[in-house]
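These notes concern the structure reproduced below.
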Amino acid sequence: MRIQEINTRKVTSDFVVDDKKNKMSTMKFEDAIESEISKVQDNILNEMLADIDNTAQKLKENLNIENLLSYKKKVKQFLQNAINGMFRRNKRESIDIRGRKKIYTIIDKINDKLEKLTMDFLNNNSKNIDLLNTIEEIRGLLVDIYS
4 MRIQEINTRK VTSDFVVDDK KNKMSTMKFE DAIESEISKV QDNILNEMLA DIDNTAQKLK
64 ENLNIENLLS YKKKVKQFLQ NAINGMFRRN KRESIDIRGR KKIYTIIDKI NDKLEKLTMD
124 FLNNNSKNID LLNTIEEIRG LLVDIYS
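And the structure:
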């Protein structure tokens, strides 16, 4: 019985890559990581936005200081996460000054709306409809930041 010689040219594997048909992606490892981080951050922001919506619904149903403070806290947490994620994403890419200015303008608007909501609530000068409108305006601005 003779043992057949092993020639490296004859050895095959199950994994064959044809360079003409299957070109490797030009995506770098860092880009792949950034993409996955971005997806995770988007999921977190979606969950936070849903939580804000639930808290807003509670505030609409029962206008009290506890619900108002909870709503403000969740909006601020959303802003912090959204902004931190944007800065991380934009750290590698250069963005123009107008882009940043728009983000800061929206954040200022949200802060102003939260302040107005709090003052109206504390002063009882506003009708419930005004409070509900302010809540909806804040949500719209949050969606603007997110998208």
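Under the working numbering, think of the first position of the sequence shown as 4, with each following residue one higher.
The beta-carbon is built from N, C-alpha and C at its ideal position, and this holds for glycine as well.
Please list, in chain order, all residues of the same chain as residue i whose beta carbon is under 8 Å from its beta carbon, the five residues on each side excluded.
{"i": "I138", "result": "A59, L62, K63, Y74 and L120"}
{"i": "N70", "result": "T58, K61 and L62"}
{"i": "E140", "result": "K116"}
{"i": "I110", "result": "L82, I86 and I148"}
Enumerate in chain order the residues of its own chain whose CB-to-CB distance from residue i is below 7 Å, with the five nearest sequence positions on each side excluded.
{"i": "E33", "result": "none"}
{"i": "N84", "result": "I47, L48 and M51"}
What separation, rounded to the nearest whole angstrom, lies between the Cα atoms of residue i and residue j?
{"i": "K77", "j": "M51", "result": "8 Å"}
{"i": "K116", "j": "I55", "result": "15 Å"}
{"i": "M27", "j": "I40", "result": "Note that M27 has pLDDT 48, beneath the 50 cutoff, so the model's placement of it is unreliable and the number below is only indicative. Roughly 22 Å between the two C-alpha positions."}
{"i": "L66", "j": "L134", "result": "9 Å"}
{"i": "I36", "j": "I86", "result": "19 Å"}
{"i": "G143", "j": "K31", "result": "36 Å"}
{"i": "M122", "j": "D147", "result": "24 Å"}
{"i": "D45", "j": "E118", "result": "27 Å"}
{"i": "S16", "j": "A53", "result": "Bear in mind that a pLDDT of 45 at S16, under 50, signals an unreliable position, so the number given afterwards is only what the model happens to contain. Their backbone Cα atoms lie some 49 Å apart in a straight line."}
{"i": "K94", "j": "N136", "result": "The predicted position of K94 is uncertain, since its pLDDT is 47 and thus under 50; a value taken from the coordinates is nonetheless stated next. Computed Cα separation, rounded: 35 Å."}
Determine whether the Cβ of residue i lies closer than 8 Å to any Cβ atom of chain D.
{"i": "F81", "result": "You won't find chain D in this structure, because it holds only one protein chain."}
Among residues of its own chain, excluding the 5 on either side of residue i, which ones have a beta-carbon nearer than 6 Å to its beta-carbon?
{"i": "K112", "result": "L144"}
{"i": "F124", "result": "L71"}
Starting from the Cα of residue i, find the closest Cα among the options and give me that residue.
{"i": "N127", "options": "I68, Q80 and S38", "result": "I68"}
{"i": "K79", "options": "N114, N136 and V43", "result": "N114"}
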